[in-house]
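>
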Amino acid sequence: MARVKKIMEKTLQQILSEYEFRKNAAQKKCDMQTALLFAEHPYLQQFQEQKKELILQQLLEVMKAPQQKQKIVARFGVQLAELEAQMEDYLEKHNLHMPQIEVSCTLCGDSGYLIHGDKREFCNCLKERLYTEVLGAHKIESLKGSFEQFDESIFPEDVHSDGKPSQRRSMQMVRSLLQNYIAEFPENPQKRLLFMGTAGLGKSYCLACVCKELKKKQSDICYFGAYTLFRLFHRNRLGELDTTMLNYIYNVKVLVIDDLGNEPLTQNVSKEYFFDLLNYRLQKGLYTFISTNNTILQLEERYTGPVVSRLLSDRDTLTIRLSGKDLRVL
């Protein structure tokens, strides 16, 4: 048990080390480019040194007369602005640009952290790596399906004798419903999506479409197969997975659970953890998307009536029932 826990912690530490290495490498590259630029254009280095000198003088004067801070900062601000203008004129005249640190995440500057006052939290870019590389979630980009590639022609267009719409028409309506849901995000009254239906009807495909489109608006998305998620619950129960790690799953802005009911039932884990997860996320107003091949009766047998009643609440859940022929055997 301890060995599994250490491996997971080491993986997170490796990710944090990679962030530190990448940030330092980017800073070093920028410093080298700046040094080369200054060697060819010493006037730019003089501007930079004058700027540093002004900032230092401003700091010393404020320390001597803190009650005059506002006036001191305003006075030095004028001088600094003049110096910046001279520097910009020089750069423009010689068609130059000051080197900038190259980062892949503009939010955290590749530090992996965001600062809110005196609090520090993981940036969404780091959370995504935590979900996928440490906890075993799927990468959203690797999911099969998108609205752009949505091919309605794969769905049968058979006309039902009872007047119900064809499978193709039903999926067209589902697509429209989901696109409207995404357009309304994050003001949706129902924070849960539940896809129900037998295997091979496109539930996972719909989840992929929603996640890829939604990621344009919200990057904090975690997509689990139910088997992997419940295995993490079991490891937490056994003490193999720290609760801090589990908290990231509980608090992700959008949690996706694909193929609910496919995971093995575990005593004192499946029902309790799942019920706690649903309650917690509902109270926090977080989004949870679920797909299942199970019927309502099968879900009640696995998770009990109260859990399923909470899951199927019309107030909190938009339930989408798919029906028709298994696309994998057509």
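Under my numbering, think of the first position of the sequence shown as -13, with each following residue one higher.
Positions of the beta carbon are idealized from the N, C-alpha and C atoms, including for glycine.
What you are looking at is a predicted structure, and each value in this text was computed from that prediction instead of being measured.
1. Starting from the N-terminal side, write out each stretch of the alpha helix (DSSP H) that is 4 residues or longer and does not extend beyond the segment 163 to 205.
2. List the DSSP bridge partners of glutamate 74.
3. Would you tell me roughly how many angstroms separate the C-alpha atoms of isoleucine 235 and phenylalanine 133, rounded to the nearest one?
4. Let's test the definition: count the other Cβ atoms within 10 Å of the Cβ of glycine 103 and tell me whether it reaches 16, buried, or not, exposed.
5. Would threonine 274 and leucine 285 be called neighbours here (beta carbons separated by less than 8 Å)?
6. Tell me whether threonine 118 sits in a helix, a strand or coil according to DSSP, three-state version.
7. If I'm right that isoleucine 140 touches leucine 313 with Cβ under 8 Å, what's the distance once you round it to whole angstroms?
8. Can you tell which of Phe261, Gly271, Thr281, Ile306 has its C-alpha closest to the C-alpha of arginine 296?
9. Identify every run of the alpha helix (DSSP H) within the segment 39 to 108, keeping only runs that are complete inside it and at least 4 residues long; order them along the chain.
10. Mapping DSSP to helix, strand and coil, what is leucine 272?
11. With a Cβ-Cβ cutoff of 8 Å, do serine 256 and arginine 288 count as a contact?
12. So what's histidine 220 in DSSP terms, helix, strand or just coil?
13. Look at the Cβ atom of leucine 66, then the Cβ atom of leucine 40, and state whether they are nearer than 8 Å.
14. For lysine 9, I'd like the list of residues in its chain whose CB is within less than 7 Å of its CB, leaving aside the five on either flank, ordered along the chain.
15. Go to arginine 314, then tell me how far its beta strand (DSSP E) extends in each direction, as first and last residue.
16. Could you check whether valine 238 and glutamine 204 sit closer than 8 Å to each other, using their CB atoms as the reference points?
17. In whole angstroms, give me the CA-to-CA distance for histidine 318 and isoleucine 87.
18. Distance, Cα to Cα, serine 299 vs lysine 55?
Per the coordinate set shown:
1. 189 to 200
2. Looking at the DSSP assignment, glutamate 74 forms no beta bridge with any residue, so it has no partner.
3. 26 Å
4. Exposed: under 16 other Cβ atoms inside 10 Å.
5. no
6. Three-state result, threonine 118: helix.
7. 6 Å
8. Phe261
9. Taking only runs of at least 4 residues, the alpha helix (DSSP H) segments lying wholly in the segment 39 to 108 are 55 to 79.
10. coil
11. yes
12. helix
13. Contact flag set, yes.
14. Asp96, Ser97
15. Counting along the chain, arginine 314 falls outside any beta strand (DSSP E), and DSSP gives it neither H nor E.
16. The Cβ atoms of glutamine 204 and valine 238 lie no closer than 8 Å to each other.
17. Given a span of -13 to 316 for the chain in the structure shown, any question on residue 318 remains unanswerable.
18. In this structure, the CA atom of serine 299 is about 59 Å from the CA atom of lysine 55.
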